[in-house]
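A.B. asks:
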Amino acid sequence: MDKSHPFSRARLSDSAQRRPHPGRRAVIAGLAAVCLPGQLAAQEAVALSVVTTTGMIADAARRIGGTRIAVRGLMGPGVDPHAYRQTRSDIAALAGADLVLWHGLGLEAQLMAFLADMARSRRVVAVADAIPPDQLRPFADYPGRYDPHLWMVPALWLQVVDAVHAAITEADPAGAAGYAIAAATYRDEILALSDYAAGMLATVPAPARVLVTAHDAFGYFGEAYGFEVLGVQGISTESEAGVQRITALVDLLVTRNITAVFVESSVSDRALRALVEGAAARGHEVSIGGTLYSDAMGPDGTYEGTYVGMIDHNVTTIARALGGTAPARGMAGRLGS
Ligand SMILES: [Zn+2]
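When the letters of the sequence shown are read in order and numbered with our numbering, they come out as residues 855 to 1191.
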């Protein structure tokens, strides 16, 4: 945690000390083994325990809450949220949380019924509900349903970050002042990321602005930055790509002279490899332009394992593979470090 964070030396408020909730007792019990009792209140005590589904939501909660809150993200690096089902330890974590933050818009398809049930008795917030429908991409085939992949465009994701901020503040009003300071810092980073993305993606020559990926996670990205986006699978990863779809995409790679396609960290690369082989059989060389973080962030503890690092990686990888001029180490020289 950043030393300048308003909660880096947070103390428990009086009211929080009087009313320890069940989730915190376990944390305190664990700390008691390594701390003298008198040190405890001044150190790692937690005012709010938060469970999130995706890593991107967990990143926002951690940045806004600092050490005042405990955050557990259920879906780690490489995990596909469309297919994820809750484990027994997830259920225990959810049951012990003060606040549950999930994305919504149908992303966590296998958890929806469980979370809706949970919402009747506790604080459960679908953070993507904060985006007005006129900013969402509707599905042609499913009236009233929308593309959930909002995090791909920093300016859109900022509204979700604001919803995370609001939910945390509502659950723990005593921390409001510190949450506001931390959220403002995080917003500034995301705004800088937004500028970097627009600038770097504009360096890709117009005919090369075609993004071929494993599934349709980049629709908002394409609209925001002027890329044609083609997923081998649909919006969800739950259906297999058919032979006809592969053949049609190979035709397109050859006729449009597209030379790079992209693998996703949370989706099998089998269909993408079929595209590369299919194009090669027709004498057209296509390379894998890199691995993109579509629905999950990079490895824990790395820059790519943060929201800003994830998008920096994607933007930089796409721009460079398609003939743009982004710096190899990305926006802040931190990629691959
Ligand atoms: Zn997806």
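Just so it is clear, CB atoms sit at the ideal spot from N, CA and C, and this is done for glycine as well.
Excluding the 5 residues flanking residue 1181 on each side, which residues of the same chain have their C-beta closer than 8 Å to its C-beta?
C.D. replies: Taking the sequence shown and counting its residues from 1, the one referred to as residue 1181 is at position 327. So the list reads 1170 and 1187, once near-sequence residues are dropped.
A.B. asks: Excluding five sequence neighbours on each side, which residues of the same chain lie with their C-beta closer than 8 Å to the C-beta of residue 1030?
C.D. replies: Taking the first residue of the sequence shown as 1, we reach residue 1030 at position 176. Around residue 1030: 1023.
A.B. asks: Can you tell me the Cβ-Cβ gap for residue 1011 and residue 1044, rounded? I've got them flagged as a contact below 8 Å.
C.D. replies: Translated into positions along the sequence shown, residue 1011 becomes position 157. Translated into positions along the sequence shown, residue 1044 becomes position 190. 7 Å between Cβ atoms; contact.
A.B. asks: Output the boundary residues of the alpha helix (DSSP H) element that contains residue 1165.
C.D. replies: Here residue 1165 refers to the residue found at position 311 of the sequence shown. Note, residue 1165: alpha helix (DSSP H), 1161 to 1175.
A.B. asks: Report the rounded CA-to-CA distance for residue 919 versus residue 912, giving the unit in angstroms.
C.D. replies: For the purposes of this step, residue 919 is taken as the residue at position 65 of the sequence shown. For the purposes of this step, residue 912 is taken as the residue at position 58 of the sequence shown. Approximately 10 Å between the Cα atoms of the pair.
A.B. asks: The alpha helix (DSSP H) spanning residue 962 covers which residue range?
C.D. replies: In the sequence shown, residue 962 corresponds to position 108, counting from 1. Judged by DSSP secondary structure, residue 962 falls outside any alpha helix (DSSP H); it is assigned neither H nor E.
A.B. asks: I need the straight-line Cα distance from residue 1155 to residue 1139, nearest angstrom please.
C.D. replies: Looking up residue 1155 in the sequence shown gives position 301. Looking up residue 1139 in the sequence shown gives position 285. If you take the alpha carbons of residue 1155 and residue 1139, they lie about 36 Å apart.
A.B. asks: Which of the three DSSP states, helix, strand or coil, is assigned to residue 980?
C.D. replies: If you number the sequence shown from 1, residue 980 lands on position 126. Reduced to three states, the DSSP call for residue 980 is strand.
A.B. asks: Does the region 1101 to 1109 come within contact of the region 1123 to 1133, defined as at least 3 CB pairs closer than 8 Å?
C.D. replies: yes
A.B. asks: Rounding to the nearest angstrom, what Cα-Cα distance links residue 1008 and residue 961 in this structure?
C.D. replies: Position 154 of the sequence shown, counting from 1, holds the residue named residue 1008. Position 107 of the sequence shown, counting from 1, holds the residue named residue 961. If I take the Cα positions, the gap works out to 18 Å.
A.B. asks: Within the present structure, is the beta-carbon of residue 1148 separated from the nearest heavy atom of ligand 1 by less than 7 Å?
C.D. replies: Position 294 of the sequence shown holds residue 1148. At a threshold of 7 Å, residue 1148 counts as near ligand 1, since its beta carbon sits closer than that to one of the ligand's heavy atoms.
A.B. asks: Within 10 Å of its beta-carbon, does residue 1110 have 16 or more other beta-carbons around it, so buried, or fewer, so exposed?
C.D. replies: Along the sequence shown, read from residue 1 onward, the residue named residue 1110 stands at position 256. When all chains shown are included, residue 1110 counts as exposed.
A.B. asks: Give the single residue among 1040, 1079 and 1069 whose Cα lies nearest to the Cα of residue 1058.
C.D. replies: Counted from its first residue, the sequence shown places residue 1058 at position 204. It is 1079 whose Cα lies nearest to the Cα of residue 1058.
A.B. asks: Tell me whether residue 957 counts as near ligand 1, meaning its Cβ is closer than 7 Å to at least one heavy atom of that ligand.
C.D. replies: Sequence index remark: in the sequence shown, residue 957 carries index 103 (1-based). Because no heavy atom of ligand 1 lies under 7 Å away, the Cβ of residue 957 does not count as near it: no.
A.B. asks: Exposed or buried, which one is residue 1002 when buried takes at least 16 other CB atoms within 10 Å?
C.D. replies: Residue 1002 sits at position 148 when you count from the first residue of the sequence shown. Residue 1002 should be labelled buried.
A.B. asks: Can you look up residue 1184 in the DSSP assignment and give me helix, strand or coil?
C.D. replies: Taking the sequence shown and counting its residues from 1, one reaches residue 1184 at position 330. Coil at residue 1184, not helix or strand.
A.B. asks: Please report the straight-line C-alpha distance between residue 1146 and residue 1055, rounded to a whole angstrom.
C.D. replies: In the sequence shown, the residue the question calls residue 1146 occupies position 292. In the sequence shown, the residue the question calls residue 1055 occupies position 201. Residue 1146 and residue 1055: Cα-Cα distance of roughly 15 Å.
A.B. asks: Apart from the five residues just before and just after residue 982, which ones in its own chain have a Cβ nearer than 7 Å to its Cβ?
C.D. replies: If you number the sequence shown from 1, residue 982 lands on position 128. Contacts found: 957, 958, 959, 1002, 1004 and 1014.
A.B. asks: Please classify residue 1143 as buried or exposed, where buried requires at least 16 other C-beta atoms within 10 Å of its C-beta.
C.D. replies: In the sequence shown, residue 1143 corresponds to position 289, counting from 1. Looking at its Cβ environment, which holds 16 or more other Cβ atoms inside 10 Å, residue 1143 is buried.
A.B. asks: Once the 5 residues before and after residue 1189 are set aside, which same chain residues still bring their CB inside 8 Å of it?
C.D. replies: If you number the sequence shown from 1, residue 1189 lands on position 335. Once the five neighbours on either side are set aside, the close Cβ partners of residue 1189 are 1157, 1158, 1163, 1166, 1167, 1170, 1182 and 1183.
A.B. asks: Based on Cα-Cα distance, which residue from 967, 1178 and 993 lies nearest to residue 1053?
C.D. replies: The residue labelled residue 1053 in the question sits at position 199 within the sequence shown. When each option's Cα is compared against that of residue 1053, the closest is 1178.
A.B. asks: If you count every other CB in all the chains shown that lies within 10 Å of the CB of residue 1040, and 16 or more means buried, which is it?
C.D. replies: Translated into the one-based positions of the sequence shown, residue 1040 becomes position 186. So residue 1040 counts as buried.
A.B. asks: Would DSSP call residue 992 helix, strand or coil?
C.D. replies: Numbered from 1 along the sequence shown, position 138 holds the residue referred to as residue 992. Looking at residue 992 - three-state DSSP - the assignment turns out to be strand.
A.B. asks: Looking only at its chain, what residues have a beta carbon closer than 6 Å to the beta carbon of residue 1085, apart from the 5 residues adjacent to it on each side?
C.D. replies: Sequence index remark: in the sequence shown, residue 1085 carries index 231 (1-based). 1067, 1069 and 1070, listed in sequence order.
A.B. asks: Looking only at DSSP bridge pairs, what is residue 1116 linked to?
C.D. replies: On the sequence shown, position 262 is the one that residue 1116 refers to. Here residue 1116 is bridged, per DSSP, to 1144.
A.B. asks: How close, in whole Å, do the beta carbons of residue 906 and residue 899 come, if the pair is a contact with beta carbons under 8 Å?
C.D. replies: Within the sequence shown, the letter at position 52 stands for residue 906. Within the sequence shown, the letter at position 45 stands for residue 899. Contact between residue 906 and residue 899 does not hold, since their C-beta atoms are separated by about 21 Å, which reaches or exceeds 8 Å.
A.B. asks: Rounded to the nearest angstrom, what separates residue 929 and residue 940 at their Cα positions?
C.D. replies: Taking the sequence shown and counting its residues from 1, the one referred to as residue 929 is at position 75. Taking the sequence shown and counting its residues from 1, the one referred to as residue 940 is at position 86. Distance between the alpha carbons of residue 929 and residue 940 is about 10 Å.
A.B. asks: Compare the C-alpha of residue 902 against each of 910, 952 and 945 and name the closest.
C.D. replies: Here residue 902 corresponds to residue number 48 of the sequence shown, with the count starting at 1. Minimum Cα distance to residue 902 is reached at 952.
A.B. asks: State the CB to CB distance for the pair residue 1019 and residue 1046, rounded to an integer number of angstroms; the pair is presumed to be in contact (CB under 8 Å).
C.D. replies: Translated into the one-based positions of the sequence shown, residue 1019 becomes position 165. Translated into the one-based positions of the sequence shown, residue 1046 becomes position 192. Going by Cβ atoms, the distance from residue 1019 to residue 1046 rounds to 18 Å, so no, they are not a contact pair.
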